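Numbering (the working numbering), first residue to last: 327 to 740. Idealized CB from N, CA, C, for every residue including glycine. Quantities reported herein were computed from a predicted structural model and do not represent experimental measurements.
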Amino acid sequence: MSVAGAIPAFDSKQAWQLVRGSVPACPIGTLVTLSIRGSLLDVTRPWVGLLASVDLRTTTLTLSPDGSQCLIRAGTGEALFAKVATSGAPGPLAGTLPIELGESNPQGYLDGRWTSSGYRSGRTRARWLQVFFVLEVVSGFWLLLQAVQMAGIAVRAAAGTLPTRTALDALIASERSALSLFSFSTITLAIAFFVWLSRTVDVVPALAGGTPRESPRSSVGWWFVPIVDFWKPYSILRELWDRLSVPSLPAGGLVVGGWWLTLIGAFLVDKVAAIIVSGVPSPAPWSTLQVVDLLEVGVFASYLVAATLGLLMVREIQGRADFRAHALGYGARPAMAPGMVSPTWAPVAPAADSQPVAAAGPAAVAAPAAVAEPAAGPGPSAREALQTLTELHDQGLVTDDEYAAKRSEILARL
């Protein structure tokens, strides 16, 4: 690798523009950020994620003396990037999103180093998950009623009023039925939740939410790691909530926090009740059963609240994802987002009508004053110029007036 000086430390907030060459899912004029990761140069598109990586051990990276251009050259071709002035702008992301999504990006929006599969709607998974949440709420409410009745019997029995054997057996049978339904709904809910969570994390980059820290697989895997599972799942769901933020929908994460606190609280109280029961001889005295049954009331009440908040949380997160998908026009797009490609890349040879770059070194890389205008002319060159102009206009790099004038000029030469 030959570089002008040491390996450059690229600013992750600095925008670069592709001037010449070819990068996957990156038309001429696209704004990207460049960063060094070991021996790899990552090309990242803001709000979309990692587009490609090039191995610097097999390519040549050349910077101009003033650092305004970066030329990547391999045996198969080259790509030239020009630094874009960002003075007066909040960063390279300004103006790149639909107005419905706002203009600011979340903190650490490219924290993750995994590649999304592209946009695939999780709406169906979310609907099934909500069905299982409703089943959990119904079974939890039934179980709560049984626990309240059992606690009432224990309190009265501890005071000296013993229940009849028939009434006690009937209540125990009803409680077992409620517990069976609650266990079934909990298992199905967990499976549906993990399926939905994996899909939702995977589509965040395609929905202009950046790249979450955890991949779809690790977002599920952390739930099964002891000790860490006390806070990691909450951070994953809270990050989803924040990355899919929409100005027109409620801000803050009180729903996520309340859901997690009630869920953890119910789990801990349930463990305390189990420890108390395990240390009591059988048959247990009514005074001990009274304490245990009252704790169970608190456990099932917490599970009921957690299921209700979980239902609201899933509806809210999926609603934000659907809102973003609509704002970004995924209803009319293919299932695979344009920016989601395999992050491996080797510069390809420039087109026949592109200008070659001198091989004299960094100073020989010409600094373009602006984005190179598409070459117009008869036949395929004019059609390519029209396509390039349209891409620049879609990215907001060409005004409507400039687009109309240049388009008329190109069409006149056909």
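- DSSP places Val-369 outside any alpha helix (DSSP H); the residue lies instead in the beta strand (DSSP E), whose first and last residues are 366-371.
- The residue among Ala-405, Thr-384 and Leu-366 with its C-alpha nearest the C-alpha of Arg-346 is Ala-405.
- Annotation: the continuous beta strand (DSSP E) that includes Ile-362 extends over 357-363.
- Leu-570 sits in coil when the DSSP states are folded into three classes, being neither helix nor strand.
- Going by DSSP, Leu-387 is part of the beta strand (DSSP E) stretching over 386-389.
- With 16 or more neighbouring CB atoms inside 10 Å of its own CB, Ser-545 falls in the buried class.
- With a 10 Å radius around the Cβ and a threshold of 16 neighbouring Cβ atoms, Phe-458 comes out buried.
- When the alpha-carbon of Ala-592 is set against those of Trp-567, Leu-387, Ala-633 and Asp-568, the nearest one is in Ala-633.
- Taking each of Gly-393, Val-530, Leu-387 and Leu-523 in turn and checking the Cα distance to Thr-441, the smallest one comes out for Val-530.
- The straight-line gap separating the alpha-carbon atoms of Gly-403 and Tyr-445 is approximately 31 Å.
- In the three-state scheme derived from DSSP, where H, G and I count as helix and E and B as strand, Lys-409 is classed as strand.
- By the C-beta criterion, the stretch 460-467 is judged not to be in contact with the stretch 558-565, since fewer than 3 inter-stretch pairs fall below 8 Å.
- Taking Thr-386 as reference, the option from Gln-395, Leu-377, Gly-401 and Ala-499 with the minimal CA-CA separation is Gly-401.
- Taking a cut-off of 8 Å on C-beta distances, the stretch 465-480 touches the stretch 498-518, as three or more cross pairs fall below it.
- When rounded, the separation of the alpha-carbon atoms in Thr-512 and His-652 is 32 Å.
- For Trp-342, there is no enclosing alpha helix (DSSP H); the residue is found in the beta strand (DSSP E) stretching over 342-346.
- Residue state for Ile-398 is assigned as strand, using DSSP reduced to three classes.
- Beta-carbon to beta-carbon, Ala-378 and Val-349 are separated by about 6 Å, close enough to satisfy the 8 Å threshold.
- For Ala-378, the three-state secondary structure derived from DSSP is strand.
- In this model, Thr-384 and Ile-362 are separated by some 15 Å (Cα to Cα).
- At the C-beta level, Thr-526 and Gly-448 come within 9 Å of one another.
- Residue pairing from DSSP places Glu-404 in a beta bridge opposite Arg-399.
- Note on Arg-491: under 16 other CB atoms within 10 angstroms of its CB, so exposed under the neighbour-count rule.
- Secondary structure within the stretch 476-549: the alpha helix (DSSP H) runs of 4 or more consecutive residues, fully enclosed, are 491-529 and 542-547 (chain order).
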